[in-house]
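The structure under discussion appears below in the form of structure tokens.
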Amino acid sequence: MSKDLVFDYSHALGFMTKEELMAMEPAAAAAREKLVKKSGAGNDFVGWVDLPAEIDMEEYGRIKKAAAKIRSDSEYLVVIGIGGSYLGARAAIEFLCHSFYTLMGGTKILFAGNSVSTKYLADLLDVIGDSDFSVNVISKSGTTTEPAIAFRLFKEKMEQKYGREGAAKRIYATTDKKRGALKALADEEGYETYVVPDDIGGRYSVLTAVGLLPIAAAGCDTDALIEGFREMRELCMRESFVNNPAMLYAAARNVLYNKGKSVEVLANYEPSVHYIAEWWKQLYGESEGKDGKGIFPASIDLTTDLHSMGQYLQDGQRILLETVIEVGDTGREIICKEASVDTDGLNYLAGKNMDFVNKAAMNGTILAHVAGGVPVLKVSIKDNSAKTLGELFYFFEFACGVSGYILDVNPFNQPGVESYKKNMFALLGKPGYEELRASLMAAING
Ligand code: PA5
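Under our numbering, read the sequence shown as residues 29 to 474, first letter to last.
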């Protein structure tokens, strides 16, 4: 059992019995076997399973060097990527850094290429202005439209400011080892390049250069992050079922899914966890949502969303299961003080830590939701350190692989992501899409 991450299914036992959960053991064990032995569907994309033990130390050394250079010569690092090519880094940086770190000293990481919003990009260019900046463009395929458009803009801005040669020293490209438009451009321009391994898909890539370079450039402790991944991997390799939190989580969500709980809401009580939930939604949604199956992953930030989503959670359609992420020690403390006049009636909290209030909100909400018909699973993590985050990332990745195999889907492909791209290319007038364009235009114009 891990001391840093504890999985608790006790609040779901009114909705499934312990026997039902234990009856999942053979399916979970078979799923784990497929993952570990690389014998299941999509087995050419399970490089992430052993990655924590197989980090390319030469590349990792270059990542650390580049991060140090970026921190010494750039006020901003613009990370250009979408989906799996940015969510892990953003999740880690928002979790590990000061809540307002972009307003404080040091290199700030800003994200681009994860939408095609003109306003967002124009505003971002305004913010950078004449400041020194670097760019980390991340795209495994090298052809994804959103980051490719953003990269054109920032490449141009950088070449105007530093010249072509100077820009080449500030652009870091993370892409396929050999193929793709970005790799070709990087080689031509002489950019420092990092590899998205062939056998690791975007949503499982946070421990590759995809995540490590931006996370290191933000000043976070990547050694500790890797250590956390390693510890959780060892646990997942060593412990079977009852002592393996990832397998228990995978099993519990499948038992509940089979009982009609088709939406899983990941709830947090720390704003710093918001982007972990965004990363988690891609991980589970893209891995399991196929063949007409899969739990729909959603997320809420609490207590904030209790004031907007609370009614539905408590009383709406009973298709929900909730998974709470509890962060133990945030390393910060605020003690409630006694006021001379108790107009707001809060003096009864005098001497209590704010976190006591937050935990009371969490425990009260869990019990209310359970009473209202929502099974609650809980993932408690010890603190908000990089090591603990590494454990959490690997826990969710391993559980996702096991859960997908229990569900009998290929957790490592994403055929559905292509449909919108084809339509978008056709409507943009990309050569080769003329026929599709004609039929889409006919549909649009009625
Ligand atoms: O998980 C995935 O495969 C996707 O989210 C991709 O990461 C995303 O579409 C970006 O692709 P690429 O890195 O090829 O630009």
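Beta carbons: idealized from backbone N, C-alpha and C, even for Gly.
Could you compute how far the alpha carbon of Gly134 sits from the alpha carbon of Asp154?
As a first step, residue 134 must be located in the sequence shown, where it is residue number 106. As a first step, residue 154 must be located in the sequence shown, where it is residue number 126. So the two alpha carbons sit approximately 19 Å from each other.
Within the same chain, show all residues whose beta-carbon is closer than 6 Å to that of Ala274, passing over the 5 residues directly before and after it, in chain order.
Taking the sequence shown and counting its residues from 1, the one referred to as residue 274 is at position 246. Excluding sequence neighbours, Ala274 sits near Cys264, Phe423, Phe426, Ala427.
Among the candidates Ala399, Leu374, Thr146, Ile353, whose CA atom is the shortest distance from the CA of Lys387?
Sequence index remark: in the sequence shown, residue 387 carries index 359 (1-based). That would be Ile353, whose Cα lies nearest to the Cα of Lys387.
Hey, out of Phe161, Tyr312, Ser336, Met469, whose CA is closest to Pro325's CA?
Reading the sequence shown from its first residue, position 297 is the one you call residue 325. Per the Cα distances, Tyr312.
Straight-line gap, Phe269 to Leu374 (C-alpha atoms, nearest Å)
Numbered from its first residue, the sequence shown carries residue 269 at position 241. Numbered from its first residue, the sequence shown carries residue 374 at position 346. The straight-line gap from Cα to Cα measures roughly 46 Å.
For a quick check, are the C-beta atoms of Glu418 and Gly256 less than 8 Å apart?
In the sequence shown, the residue the question calls residue 418 occupies position 390. In the sequence shown, the residue the question calls residue 256 occupies position 228. The identity of residue 418 in the sequence shown is Gly, whereas the question assumes Glu. Yes, the pair counts as a contact, with Cβ atoms nearer than the cut-off.
CA-CA distance, Ala399 and His335?
Here residue 399 is taken as the residue at index 371 of the sequence shown, counted from 1. Here residue 335 is taken as the residue at index 307 of the sequence shown, counted from 1. About 19 Å.
Spatial neighbours of Thr173 within its chain, please: C-beta separation below 6 Å, excluding the five flanking residues on both sides.
Position 145 of the sequence shown, counted from the first residue, corresponds to residue 173. If we look at Thr173 and ignore the five residues flanking it on each side, it has no Cβ neighbours.
Among the residues of its own chain, which have a CB less than 6 Å from the CB of Tyr37, if the five just before and after it don't count?
Stepping through the sequence shown from its first residue, residue 37 is reached at position 9. Around Tyr37, the same chain offers Ala280, Leu405 as residues with beta carbons nearer than 6 Å, after the five sequence neighbours per side are excluded.
Reference Glu53; option with closest CA among Glu267, Gly356, Lys136, Asp72
The residue labelled residue 53 in the question sits at position 25 within the sequence shown. Checked all of Glu267, Gly356, Lys136, Asp72; the closest Cα to Glu53 is Glu267.
Which of helix, strand or coil DSSP assigns to Ala140
As a position in the sequence shown, residue 140 is number 112, starting the count at 1. Strand.
The beta strand (DSSP E) spanning Lys28 covers which residue range?
The structure shown has nothing for residue 28, since the chain only spans 29 to 474.
CB of Leu455 within 8 Å of CB of Leu468, strictly
As a position in the sequence shown, residue 455 is number 427, starting the count at 1. As a position in the sequence shown, residue 468 is number 440, starting the count at 1. The answer is yes: Cβ separation under 8 Å.
Residues in the same chain with beta-carbon distance under 7 Å from Val385, minus the five sequence neighbours each way, listed in chain order, please.
Here residue 385 refers to the residue found at position 357 of the sequence shown. Excluding sequence positions up to five before and after Val385, its CB lies within less than 7 Å of the CB of Leu377, all in the same chain and listed in chain order.
Find out if the Cβ-Cβ distance for the pair Val106, Val163 is shorter than 8 Å.
Numbered from its first residue, the sequence shown carries residue 106 at position 78. Numbered from its first residue, the sequence shown carries residue 163 at position 135. Result yes, Cβ atoms of Val106 and Val163 sit closer than 8 Å.
So is Thr250 buried or exposed if we call it buried at 16+ other beta carbons inside 10 Å?
Within the sequence shown, the letter at position 222 stands for residue 250. Looking at its Cβ environment, which holds 16 or more other Cβ atoms inside 10 Å, Thr250 is buried.
Where the beta strand (DSSP E) containing Asp32 begins and where it ends:
Your numbering for residue 32 matches position 4 in the sequence shown. Asp32 -> no beta strand (DSSP E), and no H or E assigned at all.
How close, in whole Å, do the beta carbons of Leu294 and Thr351 come, if the pair is a contact with beta carbons under 8 Å?
Here the question's residue 294 lines up with position 266 in the sequence shown. Here the question's residue 351 lines up with position 323 in the sequence shown. 5 Å between Cβ atoms; contact.
Between the Cα of Tyr190 and the Cα atoms of Ala201, Asp158, Thr203, which residue gives the shortest distance?
For the purposes of this step, residue 190 is taken as the residue at position 162 of the sequence shown. Here the closest residue by C-alpha is Asp158.
Can you give the beta carbon distance from Phe139 to Val301, rounded, assuming they're within the 8 Å contact cut?
For the purposes of this step, residue 139 is taken as residue 111 along the sequence shown, with counting starting at 1. For the purposes of this step, residue 301 is taken as residue 273 along the sequence shown, with counting starting at 1. A Cβ-Cβ distance of about 17 Å is found for the pair Phe139 and Val301, leaving them out of contact under the 8 Å criterion.
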